[in-house]
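Protein chains in written order, with this note's numbering: chain P, 1 to 215; chain X, 1001 to 1278.
Ideal Cβ placement from N, Cα and C applies to all residues, glycine included.
The structure presented is a predicted model; accordingly, all values stated were derived computationally and were not measured.
Structure, as structure tokens:
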Amino acid sequence: MRLRETNPRAAVFDGASESFAARKWSRQLAEAWGRPPTRDWSWVEKAQERYTKNISNMELSWAQEAAVQRGSYSTIAYIIFDDNWLEFSAVGDSNIFLISGTSVRFSYPYVFESQFTSAPTALSSNPIDKRQNIENLLTGMSRIQFKALETSHILLATDAISAWLLHQDEELRIERLRELMSCSTANDFKDLVIKERATHAMKIDDSTVVLLELS
Amino acid sequence: MYDAEISRSQPTTYLFLVDQSGSMSDQMASASRSKAEFVADVLNKTLRDLIVRCTRDEGVRDYFSVGVLGYGAAGVKNALTGSLSSSWINPISAVSNGTLRIEEREKKIDDGAGGLAAQSVKFPVWFDATADGGTPMCEALAKASEVLADWSNLNPNSFPPTVLHITDGESTDGDPSQVASMLQQISTNNGGVLLYNIHVSNLSMEPIKYPSSESALPNDHAKLLFRMSSNFPEHIRKYAQDAHGISLSPESKAMVFNAEAEELVKFMDIGSRPAAMR
């Protein structure tokens, strides 16, 4: 992926499968986040408005009405380049990795595979959770001087890939990162995911990565 | 064991065993309703919650199948009626369409200004209170074994079935420990049937919750329920801690004795918590 704009940015979103319309919600979030950047959090509210409008056009059963009230949920992990700094935030278990050559120099928000067993926080579609969403984004927000870490690549990944990469065995971690980095096409990546799922090394779950090579 | 992912191609099942004997008409100590009425409400809410958990924008996904066996004057019977009465266990999507009626009830919600406001909510009903006759617990556990043996044969790789048994008294058709043991020996490749027992009481006595040892239990009936109960799988122990602040050890038995309303609600919520759904 080649990013030419000023303050280039990238993100991954992962809809929580045990929620009403996770795909619709994560898509609305991605579209709202992807519009010209604002330094406030109005994109979250816009995503909620569009999601609610979309749902209100549906004819709902009693169970769907109750499920709508329960909400839809999505994680987010995003980065924004700002000269030598990388600004980022993550809500939930999608992860950001700063990579130098073949080693992970920085991993956020999770560092260990065992952390992925906890129930993650998430961005909620419910307008009543607007303040909580912003609090979660602010809590997850930080910045780092990425050039000081000799970062060659930045990887954003959903939890299935992230947990797999953060295996407790160091040799396995290095080997897995090497395998992932050697994927040069979408089909290579697909083959890798299928192979790792088959041996139960990787959880069967949405597997999405954004890999940025820095030049 | 007890780690199989729950999916539409690999669903799990919940079987509710409900004591409908005459004593269930006694009033709960802390509620203005009978034990049978309170149990009916909690069971209907549990079914609703299971359905909502499976509901997506495209419809209800069959992650679970569900059965409700009632036992009392009429022996053991399928406590679900209408379109659900022809099968002991039904897919959750069929259960969602098989309500007896949908009531409007009031729920208190945060009004955003430090107070509570009443909100009307739809309360689906599948199961009405019944209380009559004796307590044929052995017959009920035997029927559960028969139903779940068939289910487990058809779903060998699934997360094993969970039986949530609600009773207020002692068996009137013999010692149920042997048939309970047989029920727990039915298994899928992912473990044996999980049997959770709750004894509801109207005596305002201190409840005994999830004991890990038989020695401190007050009487033979409590000890019998202890021996009839499974241990909790890890995901349930974690959920009980996270959601209810209940600390469970690997030795904790899935039983509550002398339960009042609050314990019953928590027991049903904890017991019907699924492992990872996909």
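Using a Cβ-Cβ cutoff of less than 8 Å, which residues in the same chain neighbour H1244/X once the five nearest sequence positions on both sides are dropped?
The residue you call residue 1244/X lines up with position 244 of the second sequence. Excluding sequence neighbours, H1244/X sits near K1266, D1269 and I1270.
I think A1004/X touches N1157/X, with their Cβ atoms under 8 Å apart; what is that distance to the nearest whole Å?
Numbered from 1 along the second sequence, position 4 holds the residue referred to as residue 1004/X. Numbered from 1 along the second sequence, position 157 holds the residue referred to as residue 1157/X. Between N1157/X and A1004/X the Cβ distance is about 7 Å, and since that is below 8 Å, they are a contact.
Short CB-CB distance (under 8 Å) between M1268/X and chain P:
Position 268 of the second sequence, counting from 1, holds the residue named residue 1268/X. False, the Cβ-Cβ gap to chain P never drops below 8 Å.
Comparing alpha-carbon positions, which option in E18/P, N95/P, T102/P and W41/P lies nearest E175/P?
Position 175 of the first sequence, counting from 1, holds the residue named residue 175/P. Checked all of E18/P, N95/P, T102/P and W41/P; the closest Cα to E175/P is T102/P.
Interface partners of I204/P on chain X, CB under 9 Å
Position 204 of the first sequence, counted from the first residue, corresponds to residue 204/P. In chain order: E1005, S1007 and R1278.
Ignoring anything shorter than 3 residues or poking outside the stretch 1112-1175 of chain X, list the beta strand (DSSP E) runs there in chain order.
1116-1125 and 1162-1167
Within this structure, are the beta carbons of A77/P and F116/P separated by less than 8 Å?
What you label residue 77/P is simply residue 77 of the first sequence in a count that begins at 1. What you label residue 116/P is simply residue 116 of the first sequence in a count that begins at 1. Contact: no.
Mind checking M1/P: buried by the 16 CB within 10 Å criterion, or exposed?
Within the first sequence, the letter at position 1 stands for residue 1/P. Only weak support is given to the placement of M1/P: the predicted model assigns it a pLDDT of 49, under 50, and the question is left unresolved by the model.
Spatial neighbours of V1060/X within its chain, please: C-beta separation below 7 Å, excluding the five flanking residues on both sides.
Mapped onto the second sequence, residue 1060/X falls at position 60. The residues are I1051, C1054, I1092, S1093 and S1096.
Verify whether the separation of the beta carbon atoms of S1177/X and M1137/X is less than 8 Å.
Within the second sequence, the letter at position 177 stands for residue 1177/X. Within the second sequence, the letter at position 137 stands for residue 1137/X. Contact: no.
Who are the Cβ neighbours of L1141/X in its own chain at under 6 Å, not counting the five residues just before and after it?
The count along the second sequence starts at 1 and reaches residue 1141/X at position 141. The residues are P1176, V1179, A1180 and L1183.
Under 8 Å between the Cβ atoms of I1198/X and A1259/X?
The count along the second sequence starts at 1 and reaches residue 1198/X at position 198. The count along the second sequence starts at 1 and reaches residue 1259/X at position 259. Yes, they are a contact pair.
Please say whether P1160/X and L1203/X have beta carbons closer to each other than 8 Å?
Position 203 of the second sequence holds residue 1203/X. Position 160 of the second sequence holds residue 1160/X. Remark: C-beta atoms of L1203/X and P1160/X do not approach each other more closely than 8 Å.
Residues that R70/P contacts on chain X, provided the C-beta gap is smaller than 9 Å
Here residue 70/P corresponds to residue number 70 of the first sequence, with the count starting at 1. Near R70/P (Cβ distances below 9 Å), the residues of chain X are V1052, R1053 and T1055.
Should T1130/X and T1167/X be called a contact, given that it needs their Cβ atoms to be closer than 8 Å?
Within the second sequence, the letter at position 130 stands for residue 1130/X. Within the second sequence, the letter at position 167 stands for residue 1167/X. Not closer than 8 Å, so no.
Use the C-beta contact count for K24/P: other C-beta atoms within 10 angstroms, 16 or more gives buried, fewer gives exposed.
Locating residue 24/P in the first sequence gives position 24, counting from the first residue. Flag for K24/P reads buried.
With 8 Å set as the bound, which would you pick, yes or no: does the beta-carbon of M58/P sit closer than that to a beta-carbon of chain X?
Indexing the first sequence from 1 puts residue 58/P at position 58. The C-beta of M58/P comes closer than 8 Å to at least one C-beta of chain X.
Please list, in chain order, all residues of the same chain as A1036/X whose beta carbon is under 8 Å from its beta carbon, the five residues on each side excluded.
On the second sequence, residue 1036/X is found 36 positions in, with the first residue counted as 1. Excluding residues within five positions, the ones whose Cβ falls inside 8 Å are Q1020, M1024, S1025, A1129, T1130 and A1131.
Meets three-Cβ-pair contact criterion under 8 Å: the stretch 47-65 of chain P and the stretch 104-111 of chain P
no
Pull up the CB-CB distance for L1148/X and L1015/X, whole angstroms please, since I reckon it's below 8 Å.
Within the second sequence, residue 1148/X is the residue found at index 148, counting from 1. Within the second sequence, residue 1015/X is the residue found at index 15, counting from 1. Indeed they touch by this definition, with Cβ atoms about 6 Å apart.
Check this for me: beta carbons of T121/P and G92/P, under 8 Å apart or not?
Taking the first sequence and counting its residues from 1, one reaches residue 121/P at position 121. Taking the first sequence and counting its residues from 1, one reaches residue 92/P at position 92. The answer is yes: Cβ separation under 8 Å.
Based on DSSP bridge pairs, tell me the residues matched to K1209/X.
The sequence position of residue 1209/X within the second sequence is 209, counting from 1. The partner list for K1209/X (beta bridge, DSSP) reads V1256/X.
Please check if any C-beta of chain P sits within less than 8 Å of the C-beta of S1096/X.
Reading the second sequence from its first residue, position 96 is the one you call residue 1096/X. Yes, S1096/X counts as interfacial toward chain P.
In the structure shown, what three-state DSSP assignment does D1242/X receive?
Counting from 1 along the second sequence, the entry for residue 1242/X is found at position 242. D1242/X: helix per DSSP, three-state reduction.
Using 8 Å as the Cβ pair cut-off and three pairs as the minimum, do the stretch 1209-1217 of chain X and the stretch 1246-1253 of chain X touch?
yes
I'd like the span of the alpha helix (DSSP H) that includes Q69/P, first residue to last.
By one-based count along the first sequence, residue 69/P stands at place 69. From DSSP, the alpha helix (DSSP H) with Q69/P extends over W62 to R70.
Tell me the DSSP secondary structure of E87/P in three-state form.
The count along the first sequence starts at 1 and reaches residue 87/P at position 87. The three-state reading of DSSP puts E87/P in strand, counting E and B together.
Please compile the residues from chain X whose C-beta is within a distance smaller than 8 Å of the C-beta of S17/P.
Taking the first sequence and counting its residues from 1, the one referred to as residue 17/P is at position 17. Simply M1277 and R1278.
Quick check on this structure: which residue in F1257/X, N1190/X, R1101/X and A1240/X has the alpha carbon closest to the alpha carbon of N1219/X?
As a working mapping, residue 1219/X is identified with position 219 in the second sequence. Nearest of F1257/X, N1190/X, R1101/X and A1240/X to N1219/X, Cα basis: F1257/X.
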